[in-house]
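Quick note: the sequence shown, position 63, residue 63 per the UniProt record's numbering, numbers continuous. Ideal Cβ positions, reconstructed from N, Cα and C, are used throughout, including at glycine.
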Amino acid sequence: MSGARRKARRRAVEVLYEAELRNTTVAAVIDRRRAQTEPPINEFTEQLAAAVDERRGRIDELLDEYAIGWTLERMPVVDRNVLRMGAYELLWADDIPDGVAIAEAVAVAKELSTDDSPAFINGLLSRLMENKAELAL
């Protein structure tokens, strides 16, 4: 997977994170970032953040259901948003192989979160993958 795609995924997580922290919409964050020239926001970042936001209700239900010993509210904000991105790509982005969706989410977690986060994210997304056929509705 190219470095440009990973950077775009990381930026999509940053957009989701910022929207959650500022209690604003993903669309508002994307508009604000478009108005800034540095760093530029690319189309893949915009599409991914918007797609995750569109399915956020369902994604959050699944994360809450499949997270063992954690509620969505207790998860660090960055982990929650990495998981949202990973779950979206795993369950609804047909052009992204399952293993790539999980590996990319884990890689973004390594860049943005704690030492414990990659294993937690890998485990939770793997549980979603095992049940993908019935979840991706």
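Between residue i and residue j, what straight-line distance do the alpha-carbon atoms span, to the nearest angstrom?
i           : j           : result
residue 115 : residue 107 : 12 Å
residue 17  : residue 122 : 19 Å
residue 134 : residue 44  : 27 Å
residue 1   : residue 8   : For residue 1, the predicted structure reports a pLDDT of 46, less than 50, and the residue's modelled location is therefore unreliable. A value from the coordinates is still provided. Answer to the nearest angstrom: the Cα atoms are 12 Å apart.
residue 120 : residue 67  : 9 Å
residue 132 : residue 24  : 30 Å
residue 101 : residue 89  : 6 Å
residue 82  : residue 110 : 10 Å
residue 98  : residue 129 : 7 Å
residue 113 : residue 10  : 11 Å
Consult DSSP for residue i and reduce its assignment to one of helix, strand or coil.
i           : result
residue 59  : helix
residue 70  : coil
residue 118 : helix
residue 45  : helix
residue 30  : helix
residue 20  : helix
residue 35  : helix
residue 136 : coil
residue 85  : helix
residue 4   : helix
Less than 8 Å between the CB atoms is what I'm expecting for residue i and residue j, so what's the real figure, rounded?
i          : j          : result
residue 84 : residue 59 : 5 Å
residue 35 : residue 63 : Rounded, the Cβ-Cβ distance is 31 Å, inconsistent with contact.
residue 26 : residue 49 : 5 Å
Suppose contacts are defined by Cβ-Cβ distances below 9 Å. Is residue i in contact with residue j by that definition?
i          : j           : result
residue 30 : residue 52  : no
residue 74 : residue 20  : no
residue 91 : residue 105 : no
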